[in-house]
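Colleague:
Protein chains in written order, with this note's numbering: chain B, 2 to 486; chain H, 1147 to 1679; chain Y, 15 to 443.
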């Protein structure tokens, strides 16, 4: 039997394609990565089928590119060397919602929309990054370390145990799901660590290069009982950073983030054609968004003491900060924004990053908050040098864990149909990445071309990473051409 | 055959004469037992040796050179921060070099960004004090405040304060690791810069090599520097008071408070922890095993036994003490808010507050582990597992059922089902089962019990922390993953092809079972020939 | 002896087999009590472990070495002797361990030295010289015995007979006469008649401390008898080492309790504190000094009275009859502080490591004689702390401490003033 037939036999003909037209879907995504065409695409229904596919791939030294959804922004799932697209979208079961231990177990193909609505029915939620695409895989986004908007340490690192099919075709459970017979066991899979090695760490941000994660356990949280939105216009980023050091340190707030006027307008505009431009110009350069929430018992009490302390700090130390519950001149915007923040992006509306011009390249990195203003200034100057309209630069600063660090994301909007715009963004992004890296920006998620830049700098790390990878994937069949592999 | 003269000369050139010794008296001082964690047991007697030499580096560069020299001359070596973890942290083969890291006491703190960067010689109480001076705090792992912060962060790193600030794996940031072949890998933000502030990446996270839940006992390299997360605390000082042995931290009760509650049942304790987590209040929540209270009250060993002999199966079965920590991180009003909710929960569940001293002897600066030896002069935890509360409670009960068969030599505990607590705001639960025995009588039964618990975990599908180097790898390996051991050994083989980094770990317990004639009958699993058997 | 009959008798190391074998390597013997841990600096209270670094130099290493000695697995060597003797027996290890456990670390260390002497290997050559001085001239320095009372100022007349007998000691008699003079003047000023020994001999502190138990016992017998003959009710000392020797080690050597000596042993600070609180002594003169108080080991953690004990050790290592262990809790900590705080103008700033956490000066119990560099190093370590707290002066209650600090100060050209508490008290009268 040839390899094609083997694959058909595993998944059934209706879940297999090698039709060039159908394969085009997988050849490109929303990123600037050049297209790459796979040889096949298969849609397994469960782990056993995944396992068999991997075995075939090994036998024939065929690359495997795991794909959990059909929405991709960073080019990670574009095949660099052909091979098999392992389309996991059929694997979209939510196995269990564990009320007592606040956990949910679900497959790789489960989307944000699916998971959040299911959990909400049960009174739960998962911590969200900023406006995740509703059709994206929750598991993938979590593995890829998307930063959440909630700054409270307690909610961080929600990933628990997982099931993975290793590149040699073996099925393996990580953490406390590694017990025999899981989930039919006293172990619920709540511990991500072990056994023997912290395999979960190797799988994080691996872009499918270390194995295929088929399901995962994730921490869930209760829905909040009451929320209060605080919005403040920001001109002086330095001052607001000091403010955030002060308040986030004493655990005021849940979600806390900064959006510049371009990003916020793209999010809030009801009608892009009618509202975006005016909204963008009416919004302050940056908006500080802070949500204070009350939980299950006496939610008002929590909001009360946090708000009191917040106000005292503002009065005594940061009188320049002026919160209100709405954006300037936009009644009801606070409530609207809170609603937006608590759900994935609505699927009926074009994804916010694509609303403005159709295309968006995001450049994001980790840094210390005190350095954020400097990076913003640098990026603005680079943008200007490249002729990128300053007003078009999207900016998002996400404080992390009580403001120990932050993620800065610059969004470069472009019309994908305009070659000059595409090229401008490409070269700007490239130069910006290099400059920012030189100035200490930490790119922990090196997608596409960023990978070479980062791993040249992190050469020692890359060498060790390759040594580990080789143990798991000696034939380098898992998504080759990504990261440093 | 001692460490060769040539090798010794090269090693001496790295650190200087003052910081290396092969003198037999000096080496004797590094013997594992007969006292200490897990000491006096078969593993310690059979598997440990005194070092052939001791070397004390000061910098990562020196450590790297030492490791390379060991590779060059095939000198087995073991990294050693304090030696606190008992035999598994000591030399296991003849003429082994013990790399004593106590001179590496570098320390930097950036409380604005909530992290401290430490070297292997820094202990928890030092770090905690520096953190608290700056309005932050850390978890002092249950191993005790005398533990090297790095060593404990690699193998333990939790306490009742993990209710709020959780799993230790989350608190490791930029890390520097000298691999067994002498290469240095810098993780997290160190990979591309000089700052230690971030732990992840770039890309896949090589911190996966560090722990594997409860550490690899130094058989996969030497961590020389690590940044550890600090968590925001509250601004008031916890004041040290009293004179030894009654020293304690006086708590600023408007901001930090322990409260003990008697609860009507174990189930109500579990529910209380659940409700607390649901309400998202509290800084710590733990069951208090009755013998801890006896230790705390006892003025001496004999006094402990007077107190303990008053207990019975009935009193143990009916004693349910829940100890809760409240921390007003944000402001004083938070204390009132949380205390009201807590009392509401406790009342709903039929519990009652007890008079509780406004002090902390145990968990902020002085994790009370040294006191664990008071009763019998011996101690080991046969498991300390993070999973869920639903796992934790039956896990302890199961061990309690198994224990009578091995009592004596184990200390009678009237069926105490172990310690449990809530972790990560209820997302996880923790169980620990501590055992004690008279070390001066035949202790084979303890060795048997220790191994039997591993088999019981496998039979009953419990997770366990005693994987990797802690139990026979060929026993636990096939049962978890499955076959995690094959990956662990592949990694070990890749980075330590000469098998000189703390040999024969991670196969040391396998070797012990093969070597000790009282253990061999317990071997009912397959394994290839074990090096060092 | 792990189980069976047992005595707190330092002349037989077997009595401490259990203690040595149960050391858990927690290094409570080395670190400052974790509750009081000040952070990254001034974190330890064992000078030997801090200076020499190898585990073998800490009590936790010595317990293992001691087990090997008992089991005949350890050959004597220069290194072994250094490990046993480069140690001030300051008791930090003992108190640190006893915070949590019931192990007799200090007694074990004493027993190890006694064994080394019995085995013909110890003490250090410098100690042997001191022993010779004591045997020949009744003082540790080898100075003429006839000069022992030369310190007496003309305006001080000891009584023929009095309830209080002031035992001066070799240091105050010969090398730090200002301490003896101040003490005598304080007694005078408080109208306390006092005697001196008709023929004062060395207390034997160094003999006992280095393991020459037999010689020390002979001296103890003689000295106790001489004091009893005077009918003194109170033996007063201004030397912490001597104080400990009389109060703790004499009874230990003679197998009696402190109470059974037949007289009270007090340090000057205990005496003066009582006088102040009774109103019999008023400290009115201003002493403008920002000073710190150094807890001399023998007056603080090592000073609890001695009670002999013998019994049995059985199941779980329990002993019977019940033994009330000396854990350093009731040492003389507060009285010197109360005295200093009663003096107008004095600003008392506490050391970072204080009371039972104090870092030994490095001089006592034979250390300075055999390891002068180590003693000097320890003093300098302690003086760093004085600088860190911004004190102008350090005050101790022992001439060993004073001399060692003073030497370190003059060597390094430091600006810190070094006093004995007797001098400060006198200045305030």
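Every residue, glycine too, gets a C-beta built ideally from N, C-alpha and C.
1) What is the DSSP secondary structure of residue 457/B, counted as helix, strand or coil?
2) Could you tell me whether the Cβ of residue 1344/H comes closer than 8 angstroms to any Cβ of chain B?
3) Do residue 80/Y and residue 16/Y have their C-beta atoms closer together than 8 angstroms?
4) At a CB distance below 8 angstroms, what residues from the region 57-71 of chain Y approach chain H? Give them in sequence order.
5) For the beta strand (DSSP E) that residue 410/Y lies in, which residues bound it at each end?
6) Let me know the secondary structure DSSP gives residue 1582/H once reduced to three states.
7) List, in chain order, every chain H residue whose beta-carbon is nearer than 7 angstroms to that of residue 226/B.
8) Jot down the residue ranges of each uninterrupted beta strand (DSSP E) in the region 1555-1634 of chain H, minimum 3 residues, whole runs only, in chain order.
9) With DSSP run on the structure shown, which of helix, strand or coil describes residue 1481/H?
10) Is residue 223/B closer than 8 angstroms to residue 119/B when the C-beta atoms are compared?
11) Is the number of C-beta pairs between the region 388-408 of chain B and the region 448-465 of chain B that are closer than 8 angstroms three or more?
12) Listed in chain order, which residues of the region 192-219 of chain B have Cβ atoms closer than 8 angstroms to some Cβ of chain H?
13) Could you tell me whether the Cβ of residue 1616/H comes closer than 8 angstroms to any Cβ of chain B?
14) Contact check, residue 1245/H vs residue 1209/H under 8 angstroms by CB: the rounded distance?
15) What residue range does the beta strand (DSSP E) around residue 1309/H cover?
16) Under 8 angstroms, Cβ to Cβ, is there at least one residue of chain Y near residue 1183/H?
17) Which residue from 208/Y, 62/Y, 313/Y puts its Cα closest to that of residue 74/Y?
18) Please return the same chain residues whose Cβ sits closer than 6 angstroms to the Cβ of residue 270/B, not counting the five positions on each side in sequence.
19) Just checking: is the beta-carbon of residue 1175/H within a distance shorter than 8 angstroms of some beta-carbon in chain Y?
20) For residue 155/B, return the contacting residues in chain H, with the cut-off set at a CB-CB distance below 7 angstroms.
21) Give a yes or no on whether 8 angstroms exceeds the smallest Cβ distance from residue 291/Y to chain H.
22) Enumerate, from N- to C-terminal direction, the unbroken beta strand (DSSP E) stretches of 3 or more residues contained entirely within the region 1492-1554 of chain H.
23) By the three-class DSSP mapping on this structure, what secondary structure does residue 1226/H have?
24) If you reduce the DSSP assignment to three classes, tell me which class residue 99/B lands in.
25) Buried or exposed for residue 268/B, going by 16 or more other Cβ atoms inside 10 Å?
26) Check whether the Cβ of residue 158/B lies closer than 8 angstroms to any Cβ atom in chain H.
27) For a quick check, are the C-beta atoms of residue 150/B and residue 256/B less than 8 angstroms apart?
28) I believe residue 443/Y touches residue 176/Y by the beta-carbon criterion, under 8 angstroms. Please report the beta-carbon distance rounded to the nearest angstrom.
29) Considering only the beta carbon of each residue, do residue 1595/H and residue 1528/H sit closer than 8 angstroms?
30) Within the same chain, show all residues whose beta-carbon is closer than 8 angstroms to that of residue 71/Y, passing over the 5 residues directly before and after it, in chain order.
31) Distance, Cα to Cα, residue 155/B vs residue 1500/H?
32) Can a CB atom of chain H be found closer than 8 angstroms to the CB of residue 367/B?
33) Can you grab the Cα-Cα spacing for the pair residue 1128/H / residue 1201/H, in whole Å?
34) Kindly identify the DSSP beta-bridge partner or partners of residue 399/B.
35) Taking the CB atoms as reference points, tell me whether residue 1513/H and residue 1288/H lie closer together than 8 angstroms.
36) Quick one: grab the DSSP three-state call for residue 1315/H.
Modeller: For this structure:
1) Helix at residue 457/B.
2) yes
3) no
4) 57, 67, 68, 69, 70, 71
5) Unbroken beta strand (DSSP E) run through residue 410/Y: 407-410.
6) Residue 1582/H: coil per DSSP, three-state reduction.
7) The premise fails here: residue 226/B is roughly 10 angstroms from chain H at the closest Cβ pair, so nothing lies under 7 angstroms.
8) Here the runs fully enclosed are 1565-1569, 1574-1581.
9) helix
10) no
11) no
12) 192, 193, 194, 195, 196, 197, 198, 199, 200, 201, 202, 203, 204, 205, 206, 207, 208, 210, 211
13) no
14) Taking the Cβ atoms as the reference, residue 1245/H lies roughly 7 angstroms from residue 1209/H, within the contact range of under 8 angstroms.
15) First-last for residue 1309/H: 1308-1311, but that is the alpha helix (DSSP H), not the beta strand (DSSP E).
16) yes
17) 62/Y
18) Same-chain partners within the cutoff: 276, 277, 280.
19) Flagged as an interface residue toward chain Y: residue 1175/H, by a C-beta distance shorter than 8 angstroms.
20) 1310, 1571
21) no
22) 1498-1500, 1526-1533
23) Strand.
24) strand
25) buried
26) So yes, residue 158/B belongs to the interface.
27) yes
28) With 8 angstroms as the limit, residue 443/Y and residue 176/Y do not qualify as a contact, their Cβ atoms being about 20 angstroms apart.
29) yes
30) 62, 63, 65, 97, 100, 101
31) 29 angstroms
32) yes
33) No information on residue 1128/H is available, as it lies outside the stretch 1147 to 1679 that chain H covers here.
34) 408/B
35) A contact, by the Cβ cut-off of 8 angstroms.
36) helix
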